[in-house]
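Participant:
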Ligand SMILES: Cc1cc2nc3c(=O)[nH]c(=O)nc-3n(C[C@H](O)[C@H](O)[C@H](O)COP(=O)(O)OP(=O)(O)OC[C@H]3O[C@@H](n4cnc5c(N)ncnc54)[C@H](O)[C@@H]3O)c2cc1C
Ligand code: SF4
Ligand code: FES
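Protein chains in written order, with the numbering used here: chain A, 6 to 261; chain B, 20 to 673.
(1) Below 9 Å on C-beta distance, what does residue 481 (chain B) contact in chain A?
(2) Verify whether the separation of the beta carbon atoms of residue 566 (chain B) and residue 650 (chain B) is less than 9 Å.
(3) Report yes or no: is there a C-beta of chain A within less than 9 Å of the C-beta of residue 23 (chain B)?
(4) Mind the definition here: the segment 642 to 662 of chain B touches the segment 596 to 607 of chain B only if three or more C-beta pairs lie below 8 Å; say whether that holds.
(5) Let me see if you follow: with CB-CB separation under 9 Å, is residue 200 (chain A) close to chain B or not?
(6) Please report whether the beta-carbon of residue 145 (chain B) lies at a distance below 9 Å from any beta-carbon of chain A.
(7) I want to know whether the segment 473 to 483 of chain B touches the segment 150 to 162 of chain B - three or more CB-CB distances under 8 Å.
(8) Heavy atom of ligand 2 less than 8 Å from the Cβ of residue 304 (chain B), yes or no?
(9) Taking the alpha-carbon positions, what's the residue 595 (chain B) to residue 525 (chain B) distance?
(10) What residues in the segment 528 to 544 of chain B bring their beta carbon closer than 8 Å to a beta carbon of chain A?
(11) Thinking residue 101 (chain B) and residue 197 (chain B) are a contact (beta carbons under 8 Å), I'd like their distance in whole angstroms, please.
(12) If contact means a Cβ-Cβ distance below 7 Å, which residues of the segment 186 to 213 of chain B contact chain A?
(13) How is residue 448 (chain B) classed by DSSP in three states: helix, strand or coil?
(14) Can you tell me whether residue 6 (chain A) is buried or exposed? The criterion is at least 16 other CB atoms within 10 Å of its CB, across all chains shown.
(15) Does the beta carbon of residue 290 (chain B) fall short of 8 Å from some heavy atom of ligand 1?
(16) Check this for me: beta carbons of residue 319 (chain B) and residue 301 (chain B), under 9 Å apart or not?
(17) Find out if the Cβ-Cβ distance for the pair residue 306 (chain B), residue 381 (chain B) is shorter than 9 Å.
(18) Taking 8 Å as the cut-off, does the segment 458 to 472 of chain B touch the segment 415 to 431 of chain B (at least 3 CB pairs, one atom from each stretch)?
(19) Please name the residue, chosen from A:83, A:196, A:186, that lies closest to residue 177 (chain A) on a Cα-to-Cα basis.
(20) Among B:490, B:437, B:445, B:572, which one has its Cα closest to the Cα of residue 467 (chain B)?
(21) Where do the ends of the beta strand (DSSP E) carrying residue 145 (chain B) lie?
(22) Counting pairs of Cβ atoms below 8 Å between the segment 202 to 216 of chain B and the segment 492 to 507 of chain B, do you hit three or more?
(23) Anything in chain D within Cβ reach of residue 172 (chain B), meaning under 8 Å, just list it in chain order.
(24) Just to confirm the assignment: which complete alpha helix (DSSP H) runs, minimum length 4, are found wholly within the segment 177 to 253 of chain A?
(25) Note the first and the last residue of the continuous alpha helix (DSSP H) segment covering residue 123 (chain B).
(26) Could you check where the alpha helix (DSSP H) with residue 644 (chain B) kicks off and where it finishes?
(27) Applying the 10 Å Cβ sphere with the 16-neighbour rule, what's the burial state of residue 96 (chain A)?
(28) Cβ of residue 53 (chain A) within 8 Å of any heavy atom in ligand 1?
(29) Are the segment 44 to 62 of chain B and the segment 622 to 631 of chain B in contact at 8 Å, needing three or more beta carbon pairs?
(30) Any contact between the segment 98 to 115 of chain B and the segment 60 to 75 of chain B? By contact I mean 3 or more CB pairs, one from each, below 8 Å.
(31) Determine the chain B residues that contact residue 156 (chain A) at a beta-carbon separation under 7 Å, and present them in chain order.
(32) Indicate whether at least one CB of chain A lies closer than 9 Å to the CB of residue 116 (chain B).
(33) Is the separation between the beta-carbon of residue 192 (chain B) and that of residue 473 (chain B) shorter than 9 Å?
(34) Would you call the segment 209 to 220 of chain A in contact with the segment 20 to 28 of chain B, where contact means no fewer than 3 C-beta pairs closer than 8 Å?
(35) Against chain B, which members of the segment 92 to 114 of chain A pass a CB distance test of less than 8 Å?
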């Protein structure tokens, strides 16, 4: 097959968190349509290394769209042009010979650049630590069938729990808000009977933790859900706001 | 220097921690006999847990809940990204919710048999017992398992069993289980019980010379390059499998053997490295650029028919090959089981037809998995409902529509049953060093059943490691590690210096080949000579080529960049250097085991029908290897296996 392409990549290079960065231009020849986007970066990196230049740093691990590590803004879109597809699952048959492609890191104050395309997403872990769990120390669990869970609740919980923590929603949002991520976790746990006892404190604490990081506020743009590779529905945000109002009112009453 | 294949045989080794007596009582007995540490004293003890997959996250969270100070490490930017996240199919548990005859006894039986009678019975029995608690624990944490309309948990069947005991969350079971453990871990991090060190790689173990105990680790901060010591009173390795020694596998790119190999070099025995599992249904290699392989769930073989053209070199579009020119070889050779033969058999059969030149797709390394009949019989809707997400993933990767054109699949390395040798307490031969999850060798013998790795990881982490660590600290009454203790400080200094020296050495070669190019070459060599089918000749050839490749690595390696920065080339180089040592031991183990069992197929040892032939007379033991220097013949310690409950039998699927 001679449908190999030559591509021009303009890649963000930044040696460290405090250093200045810039877009640098590279050409990659012989790109097969069967390659994934990350494999193109692999090829580029092998060439750079062979020339004694430093390869482009980027996060990746599973390359199956599930670990949430890969985090590339491709031609201005987090994870690139294909809907519901992470960068690692994006294949080059969606590009054409001669294309010029911009590759940048997530851009958000809460995600400082570590190097090149690698950013620090520790803020997302801290939001989870603030209440994104059900308190169930090992050994304390009742028999699994003691509490039946309605199938629709289980399915809704699963849909929200499918979030891979990639942060594309933040990168896509003009305000760099982490509402979709936070709301998805709250939805997953609050909709389950096991998660009800902590539902109120969970939403208050997680929203407070989110506000304590450098994320922006939500102005209902919806870009988050469009960019989300796992199809997390934007409604989870509305539900979180509702839960929050209820919990805040209750905690005011009880003087918490 | 003697030839590597002339290994020495050392003293036999035995598990002294499993209580004797009836199998059913052993775990309760062990828990009862185990020493405890007073809750008030626990906060004085530090436990290091390396790895945040199912085994590591669950162990760290539980030890934190118990009041220990825990230091947790992973190489990813977040503990939630550990490779366990990628597991698809499900997790086994002997709940018997279906009332289909399941029991702890049956899960135990299936696992021992599935492991081809090469696992330790008491460990497997414990695993089956704990499986019940795992599901309870996960449900309490909010893991959204699939449910039925009545609100109860749903299950499905998996290979190698006759009952429906696999719990699942769509095709993302590993993700959901890991998020449960990760969330418990984050809770302990927020509470200050666990200190998390993401983007931090363990590069050595600290062992004190006077008592030989594991007392800490040396790490490199992957962002700053800083090399540091972390001292502790016990160390738990949960660093996953070593499958990536084969380069192209279903594992995540970063999966590596460095932690277990460094421990092995300090004296921890490494058991059964040749037991590797090959999964028959993966998307084939599409070109030289290929960086990893993607699994297509085993469940597809329920409705897909496997075939290749009868003629060699037939390059027609599959739709143009008439029925009578197709060879449905699994149905032909194994009429009883057809397309549902076990993983190893399906894999080898695919290799054989491709070796004959009848493979399909690029490079001729692929076979068809055809859904045309199923679609005609059941309708496209039904197939969509069953496999829609898998078909989508297939199309995303290959650009081909599996509804109209058969899938192409090929076997790939998927899992490693071998690992660091541990006793019943999951303690390695280095006191104070515990090993859990895929990193140990403990429960699957020569072959792991589907949906049993997740079960083992969580059993080890939630329920076994906490008991063992308590017991160790209680029994030894070891004093909390004191950084000022001269002997400990000297051991840590030496380990730290060793790590720095190695980093410098990798950078100093300054040759003309990248670590990745060596990794690819090693992987190809391993796959060809020590993959699906192994012979004395191929293994001997591998033993000749690996040291040569290793020598070339240290002569021609090129690592751009410096030590004190985020340097992914340097990370890779360190891992490949360790793979180049481990590969040699893996091959030697395969050469010495002159029998076929489970995932290890020696062509010399097969039945007239071409099936695996075990040799229980000679090989009913665990091969635990002791390191003797790079390229130096290691020492073999045998742990004889006694089968009290289960009588070894031959598997048959024809
Ligand atoms: C595609 C795929 C599908 C699978 N599906 C199933 C299934 O359906 N059912 C099933 O039972 N099993 C399945 N398995 C197998 C199962 O997923 C794994 O065996 C299991 O998850 C391993 O868990 P673990 O905790 O031992 O290690 P891992 O999850 O691999 O975690 C390893 C951890 O160690 C860390 N680490 C490694 N080295 C270092 C180091 N040097 N320094 C610091 N940290 C380090 C990593 O950062 C990571 O946190 C599947 C495997 C694959 C590849
Ligand atoms: S909500 Fe979607 S985009 Fe945001 S972190 Fe989760 S998976 Fe990524
Ligand atoms: S690399 Fe794991 S989601 Fe892309």
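Every residue gets a Cβ at the ideal spot worked out from N, C-alpha and C, and that includes glycine. Predicted model, so just to flag it, every value in this text is computed and none were measured.
Facilitator: Let me spell this out:
(1) Numbered from its first residue, the second chain carries residue 481 (chain B) at position 462. Those within 9 Å of residue 481 (chain B) in chain A are 143, 144.
(2) Position 547 of the second chain holds residue 566 (chain B). Position 631 of the second chain holds residue 650 (chain B). Yes.
(3) Against the second chain, residue 23 (chain B) aligns to sequence position 4. Chain A contact via Cβ: absent.
(4) yes
(5) To locate residue 200 (chain A), count along the first chain from 1; it is residue 195. Residue 200 (chain A) counts as touching chain B.
(6) Sequence index remark: in the second chain, residue 145 (chain B) carries index 126 (1-based). No, because no Cβ of chain A sits closer than 9 Å to the Cβ of residue 145 (chain B).
(7) yes
(8) Along the second chain, read from residue 1 onward, the residue named residue 304 (chain B) stands at position 285. False, no ligand heavy atom lies under 8 Å from that Cβ.
(9) On the second chain, residue 595 (chain B) is found 576 positions in, with the first residue counted as 1. On the second chain, residue 525 (chain B) is found 506 positions in, with the first residue counted as 1. In a straight line, the C-alpha of residue 595 (chain B) is about 11 Å away from that of residue 525 (chain B).
(10) 531, 533, 535, 536
(11) The residue you call residue 101 (chain B) lines up with position 82 of the second chain. The residue you call residue 197 (chain B) lines up with position 178 of the second chain. Between residue 197 (chain B) and residue 101 (chain B) the Cβ distance is about 6 Å, and since that is below 8 Å, they are a contact.
(12) 188, 189, 191, 194, 195, 198, 202, 203, 205, 206, 208, 209
(13) For the purposes of this step, residue 448 (chain B) is taken as the residue at position 429 of the second chain. In this structure, residue 448 (chain B) counts as coil in the three-state DSSP scheme.
(14) Within the first chain, the letter at position 1 stands for residue 6 (chain A). In this predicted model, residue 6 (chain A) has a pLDDT of only 47, less than 50, meaning its place in the structure is not dependable; the value taken from the coordinates is given anyway. Exposed, by the Cβ-count rule.
(15) Locating residue 290 (chain B) in the second chain gives position 271, where the first residue counts as 1. Not under cutoff, so the answer is no.
(16) Position 300 of the second chain, counted from the first residue, corresponds to residue 319 (chain B). Position 282 of the second chain, counted from the first residue, corresponds to residue 301 (chain B). For residue 319 (chain B) and residue 301 (chain B), no; Cβs fall outside 9 Å.
(17) Here residue 306 (chain B) corresponds to residue number 287 of the second chain, with the count starting at 1. Here residue 381 (chain B) corresponds to residue number 362 of the second chain, with the count starting at 1. Contact flag set, yes.
(18) no
(19) Translated into the one-based positions of the first chain, residue 177 (chain A) becomes position 172. For the residues A:83, A:196, A:186, the minimum Cα distance to residue 177 (chain A) belongs to A:83.
(20) Start at 1 with the first residue of the second chain, and residue 467 (chain B) comes out as number 448. Comparing Cα positions, the closest option is B:437.
(21) Within the second chain, the letter at position 126 stands for residue 145 (chain B). Element bounds for residue 145 (chain B): not the beta strand (DSSP E) but the alpha helix (DSSP H), 140 to 160.
(22) no
(23) Structure shown: chain D not included; protein chains present are A and B.
(24) 184 to 195, 204 to 217, 228 to 232
(25) Here residue 123 (chain B) refers to the residue found at position 104 of the second chain. Looking at the DSSP string, the run of the alpha helix (DSSP H) that includes residue 123 (chain B) is 123 to 133.
(26) Here residue 644 (chain B) is taken as the residue at index 625 of the second chain, counted from 1. Careful: residue 644 (chain B) lies outside any alpha helix (DSSP H), inside the beta strand (DSSP E) at 640 to 645.
(27) Position 91 of the first chain holds residue 96 (chain A). With 16 or more other Cβ atoms within 10 Å, it is buried.
(28) The residue labelled residue 53 (chain A) in the question sits at position 48 within the first chain. No - ligand 1 has no heavy atom lying nearer than 8 Å to the Cβ of residue 53 (chain A).
(29) no
(30) yes
(31) Working through the first chain from its first residue, we reach residue 156 (chain A) at position 151. By Cβ distance, chain B contributes 166, 167, 168, 170.
(32) By one-based count along the second chain, residue 116 (chain B) stands at place 97. Judged by the 9 Å Cβ criterion, residue 116 (chain B) is in contact with chain A.
(33) Residue numbering aside, residue 192 (chain B) sits at position 173 when the second chain is read from its first letter. Residue numbering aside, residue 473 (chain B) sits at position 454 when the second chain is read from its first letter. Yes, Cβ-Cβ distance for residue 192 (chain B) and residue 473 (chain B) is below 9 Å.
(34) no
(35) 94, 96, 98
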